[in-house]
Amino acid sequence: MASAMKSYIVIRDYQPGDELQCQEVVKEGTMSTVNAAFFAGLTREITFELMVLMSALMFIFFGFPFSVCFASIPVVIALMYCCIYAGHSFKAMEMLGDLSNIPRVYMSNDHTGFWVAEVLEPCYNFTSPKNIDYSIISQKHFRCLSLDLKQYRKKIIGTVGIVKSRNFENFAWLRRMAVSSGYQRKKVASSLLDEALRFCASKHYVAVELITTECHDSARSLYLKKGFELRQIYHKKYRLTFTTSNVAIRPMPSDYGAFIKAMSNKTSTIVSFVHIKQYISNQQSGGKCIK
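The working numbering puts the first residue of the sequence shown at 425, with every later residue one more than the last.
In structure tokens, the structure reads:
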């Protein structure tokens, strides 16, 4: 009975029927950085240039008084917010495309995979998730508990996927890492990342690469903690690479063709790699894994 009172988060493989909830989680994660991107955009030089340009156009070509010209400043700010919101919305729609057919994109061969974090809470428990101490368990451990699922409500609150990199042989690409806002800071993202990296190690991938933005501060901190390395910073855009055998990999510009679209975004973009052997070493030297 004591175990039935506990709340669990199960890290498990994707199952048919998970698509809609996965799409909701990823969409929420994509749209969650709208405000952060907006405030970051306010400090950009181009924002002030647009304000000055619009005021000058109104004064020189239309003869509006200065008081009216200055009113264009909030118009520029509002327009910028609308553009950022629209950009995030289009990005979310693009991301939801492959999530509508997870088996084809992420389960097409033995070297791809997709995992979800599913929360199990007692039906009678209405406490806020922020105040609940969850036990994060693996799918194998969950099966051993033999819980009465009729007493629990289930919901997917996290996702992560692994596909083969298009740019480098034996490289994996980590995608669709997202955790619902109510369940963040519960080590859900860390557990999902560990599961994905263990999978990559078992498939003998040399490294894992991912892309994130300057607005995902917590995510960047997690990736660096797990062994991802930041190698270059330029013009508020970040490039991360990894080192193997003490030789830094320096891809040619043509190798980054798939990244051009991401790197051209107004928000900074990170490209990062992690060395699988280094990850395994960290785990053996005291890193905590899901049992």
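Just so you know, even glycine gets a beta-carbon here, dropped at the ideal spot from N, CA and C.
Return the first residue and the last residue of the beta strand (DSSP E) that residue 434 is part of.
-> Numbered from its first residue, the sequence shown carries residue 434 at position 10. That run of the beta strand (DSSP E) goes 432–437.
Boundaries of the alpha helix (DSSP H) in which residue 615 is found, first to last residue | Numbered from 1 along the sequence shown, position 191 holds the residue referred to as residue 615. Residues 612–626.
Could you name the residues of the same chain whose beta carbon sits closer than 6 Å to that of residue 426, not counting the 5 residues immediately before and after it, in chain order?
-> As a working note, residue 426 is residue 2 in the sequence shown. Bear in mind that a pLDDT of 43 at residue 426, under 50, signals an unreliable position, so the number given afterwards is only what the model happens to contain. Counting only Cβ-Cβ distances below 6 Å, and skipping sequence neighbours, we find nothing.
Would you list the one or two residues that DSSP bridges to residue 501?
-> For this step, residue 501 is matched to residue 77 along the sequence shown. Answer is none; residue 501 lacks a bridge partner.
Quick one: is residue 477 buried, meaning 16 or more other Cβ sit within 10 Å of its Cβ, or exposed?
-> Start at 1 with the first residue of the sequence shown, and residue 477 comes out as number 53. Exposed is the call here.
Would you call residue 512 buried or exposed, if buried means 16 or more other Cβ atoms sit within 10 Å of its Cβ?
-> Residue 512 sits at position 88 when you count from the first residue of the sequence shown. Flag for residue 512 reads buried.
What are the residues that DSSP puts in a beta bridge with residue 550?
-> Residue numbering aside, residue 550 sits at position 126 when the sequence shown is read from its first letter. Partner(s): none; residue 550 has no beta bridge.
Whole-angstrom C-beta distance between residue 465 and residue 471, which should lie under 8 Å = Mapped onto the sequence shown, residue 471 falls at position 47. Mapped onto the sequence shown, residue 465 falls at position 41. Between residue 465 and residue 471 the Cβ distance is about 6 Å, and since that is below 8 Å, they are a contact.
Should residue 580 and residue 542 be called a contact, given that it needs their Cβ atoms to be closer than 8 Å?
-> Counted from its first residue, the sequence shown places residue 580 at position 156. Counted from its first residue, the sequence shown places residue 542 at position 118. Yes, the pair counts as a contact, with Cβ atoms nearer than the cut-off.
Look at the alpha carbon of residue 446 and the alpha carbon of residue 582, and state the distance between them as a whole number of angstroms.
-> Counted from its first residue, the sequence shown places residue 446 at position 22. Counted from its first residue, the sequence shown places residue 582 at position 158. Residue 446 and residue 582: Cα-Cα distance of roughly 7 Å.
Cβ neighbour criterion (16 or more within 10 Å) applied to residue 480 | For the purposes of this step, residue 480 is taken as residue 56 along the sequence shown, with counting starting at 1. With fewer than 16 Cβ atoms within 10 Å of its Cβ, residue 480 is classed as exposed.
Identify the residues that DSSP records as bridge partners of residue 629: which are they?
-> By 1-based counting over the sequence shown, the position of residue 629 is 205. Answer is none; residue 629 lacks a bridge partner.
CB residue 449 to CB residue 589, shorter than 8 Å?
-> Here residue 449 refers to the residue found at position 25 when the sequence shown is read from its first residue. Here residue 589 refers to the residue found at position 165 when the sequence shown is read from its first residue. With contacts defined by Cβ atoms closer than 8 Å, residue 449 and residue 589 do not form a contacting pair.
Can the beta-carbon of residue 645 be found less than 8 Å from the beta-carbon of residue 560?
-> As a working mapping, residue 645 is identified with position 221 in the sequence shown. As a working mapping, residue 560 is identified with position 136 in the sequence shown. Cβ atoms of residue 645 and residue 560: not closer than 8 Å.
By Cβ distance, which residues of its chain are closer than 8 Å to residue 595, with the 5 residues on each side in sequence left out?
-> In the sequence shown, residue 595 corresponds to position 171, counting from 1. Excluding its 5 nearest sequence neighbours in each direction, residue 595 has C-beta neighbours in its own chain below 8 Å: 588, 589, 629, 630, 631, 632, 633 and 697, listed in chain order.
How long is the line joining the alpha carbons of residue 488 and residue 600, rounded to whole angstroms?
-> In the sequence shown, the residue the question calls residue 488 occupies position 64. In the sequence shown, the residue the question calls residue 600 occupies position 176. Approximately 49 Å between the Cα atoms of the pair.
Every unbroken beta strand (DSSP E) within the segment 548–611, with a cutoff of 3 residues, ordered by chain | Here the runs fully enclosed are 559–562, 576–588 and 595–603.
CA nearest to the CA of residue 608, picked from 623, 640, 636 and 626 = For the purposes of this step, residue 608 is identified with residue 184 of the sequence shown, where counting begins at 1. Looking at the Cα atoms, 640 is the closest of the given residues.
Of the choices 568, 577, 442 and 557, whose alpha-carbon is the least far from that of residue 524?
-> Working through the sequence shown from its first residue, we reach residue 524 at position 100. For residue 524, the nearest C-alpha among the options comes from 442.
Taking only the alpha-carbon atoms, compute the straight-line gap between residue 576 and residue 469 and give it to the nearest angstrom.
-> The sequence position of residue 576 within the sequence shown is 152, counting from 1. The sequence position of residue 469 within the sequence shown is 45, counting from 1. Here the alpha carbons of residue 469 and residue 576 stand approximately 52 Å from one another.
Own chain residues within Cβ distance below 8 Å of residue 482, not counting five before or after | Position 58 of the sequence shown, counted from the start, is the residue given in the question as residue 482. Correct list, in chain order: 488, 492, 493 and 496.
Measure the alpha-carbon distance for residue 509 versus residue 455 and round it to whole angstroms.
-> As a position in the sequence shown, residue 509 is number 85, starting the count at 1. As a position in the sequence shown, residue 455 is number 31, starting the count at 1. Taking C-alpha positions only, residue 509 is separated from residue 455 by approximately 8 Å.
Is residue 542 helix, strand or coil when you go by DSSP?
-> Position 118 of the sequence shown, counted from the start, is the residue given in the question as residue 542. When DSSP states are grouped into helix, strand and coil, residue 542 belongs to the strand group.
Are there 16 or more other CB atoms within 10 angstroms of the CB of residue 484, so buried, or fewer, so exposed?
-> Counting from one through the sequence shown, the residue named residue 484 turns up at place 60. Classification of residue 484: exposed, given that the 10 Å Cβ count is below 16.
Among 437, 430, 636 and 647, which one has its Cα closest to the Cα of residue 536?
-> Along the sequence shown, one-based indexing puts residue 536 at 112. The candidate whose alpha carbon is nearest that of residue 536 is 437.
Taking all protein chains shown into account, decide if residue 572 is buried (16 or more other Cβ within 10 angstroms of its Cβ) or exposed.
-> Working through the sequence shown from its first residue, we reach residue 572 at position 148. By the beta-carbon neighbour count (other beta carbons within 10 angstroms, threshold 16), residue 572 is exposed.
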